[in-house]
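See below for the structure under consideration.
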Amino acid sequence: MSETKFPGWHGTTIVAVRKGGKVAVAGDGQVSLGQTVIKGSARKVRRISPGGRDVVCGFAGSTADAFTLLERLEKKLEASPGQLQRAAVELAKDWRTDKFLRNLEAMLIVTDGSDLFVITGAGDVLEPEHDVTAIGSGGNYALAAARALEDSEHDAEEIARRALRIAAEICVYTNGNMTVEVIGA
Numbered sequence: 001m002s003e004t005k006f007p008g009w010h011g012t013t014i015v016a017v018r019k020g021g022k023v024a025v026a027g028d029g030q031v032s033l034g035q036t037v038i039k040g041s042a043r044k045v046r047r048i049s050p051g052g053r054d055v056v057c058g059f060a061g062s063t064a065d066a067f068t069l070l071e072r073l074e075k076k077l078e079a080s081p082g083q084l085q086r087a088a089v090e091l092a093k094d095w096r097t098d099k100f101l102r103n104l105e106a107m108l109i110v111t112d113g114s115d116l117f118v119i120t121g122a123g124d125v126l127e128p129e130h131d132v133t134a135i136g137s138g139g140n141y142a143l144a145a146a147r148a149l150e151d152s153e154h155d156a157e158e159i160a161r162r163a164l165r166i167a168a169e170i171c172v173y174t175n176g177n178m179t180v181e182v183i184g185a
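Just so we're aligned, residue 1 is where the sequence shown starts under UniProt numbering, counting upward by one.
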C-alpha cells in the first residue's frame, strides 16, 4: 500500500507593530490547500476579553488548532486576570507537555497593548526585540517591511498595513484581504 501525502495547508501572514503606545496586529485572509486558494477572507486576528481586559490575538497554522489554543489562553487569562505574560507562559508549558496539545500546529501573536509575545508549540514565549514581530508563511517578508518602516512617521496601524501589503505582493500564500485590530496600553 502506498502512502499518499496530503497537501499541506499553507497561508497566513500575521504582523504586529508596537509604536506610540499602541499595538496593531494585522493578518491576511488567505487559506490555501496545496496550490489552491480555499478561502480568501478568513479572519485570523481576533480580540478576546477574558476578565474584561482586551487581548488581541493573531494566529498562523491550522485554524482548528489555533482556536483550541485561543480557548486555552482565555482560560489562562481568566485564572490570571491582567497577567498576559503569566498566561502565555502557562499556555506554552501546557502546549509543550500535554500529549494532545503537543500535536497542535499553530503559532500565536498575543498582545494586551503593553506586552507583545509570540507563543510557539516548542514551548517558546518570545518578546520581540524591536517592537515588531510576524509569523506565518509571509512572516519574514512582513517583518522586514515593518522593521524598515518602524522609524517612519507612520503609526503602528499604518506600518502593519503597509508591511502586510508588501508581504502579499511577495508571498503566494498571503493575500491583501486584511483584518487589523489596534489596542492601546
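Virtual Cβ for every residue (Gly too), placed ideally from N, Cα, C.
In chain order, what residues of the same chain lie with their CB nearer than 7 Å to the CB of residue i, ignoring the 5 residues before and after it?
i: residue 90; result: 76
i: residue 8; result: Unreliable positioning characterises residue 8 in this predicted model, as indicated by a pLDDT of 47, which lies under 50. The coordinate reading is nonetheless provided below. Nothing meets the Cβ criterion.
i: residue 88; result: 110, 117, 119, 125
Which stretch, first to last residue, makes up the beta strand (DSSP E) that contains residue i?
i: residue 61; result: 55-61
i: residue 134; result: 132-136
i: residue 108; result: 106-111
i: residue 184; result: 179-184
i: residue 16; result: 13-19
i: residue 32; result: 31-33
Ordered along the chain, which non-local residues of its own chain (more than five positions away) have a Cβ less than 6 Å from that of residue i?
i: residue 86; result: 80
i: residue 4; result: The predicted position of residue 4 is uncertain, since its pLDDT is 43 and thus under 50; no value can be drawn from it.
i: residue 42; result: 29, 31
Can you tell me whether DSSP reads residue i as helix, strand or coil?
i: residue 161; result: helix
i: residue 42; result: coil
i: residue 99; result: coil
i: residue 24; result: strand
i: residue 172; result: coil
i: residue 68; result: helix
i: residue 8; result: Because the pLDDT at residue 8 is just 47, under 50, the model does not fix this residue reliably, and the value given afterwards should be weighed accordingly. In the structure shown, residue 8 sits in coil (DSSP, three-state: anything other than H, G, I, E or B).
Grab me the residues of residue i's own chain with a C-beta within less than 8 Å of its C-beta, minus the 5 sequence neighbours each way, in chain order.
i: residue 53; result: 77, 81, 82, 112
i: residue 74; result: 48, 50
i: residue 175; result: 28, 29, 30, 37, 40, 168
Specify, as a first and last residue, the run of the alpha helix (DSSP H) that residue i falls within.
i: residue 122; result: Per DSSP, residue 122 belongs to no alpha helix (DSSP H) and is neither H nor E.
i: residue 139; result: 139-149
Q: Count the CB pairs spanning the region 122-136 and the region 45-55 that are closer than 8 Å, and state whether there are at least three.
A: no
Q.
With a threshold of 8 Å, are at least 3 pairs of Cβ atoms found where one atom belongs to the region 54-66 and the other to the region 148-155?
A. no
Q.
Counting beta carbon pairs with one atom in the region 65-72 and one in the region 20-27, are three or more of them shorter than 8 Å?
A. no
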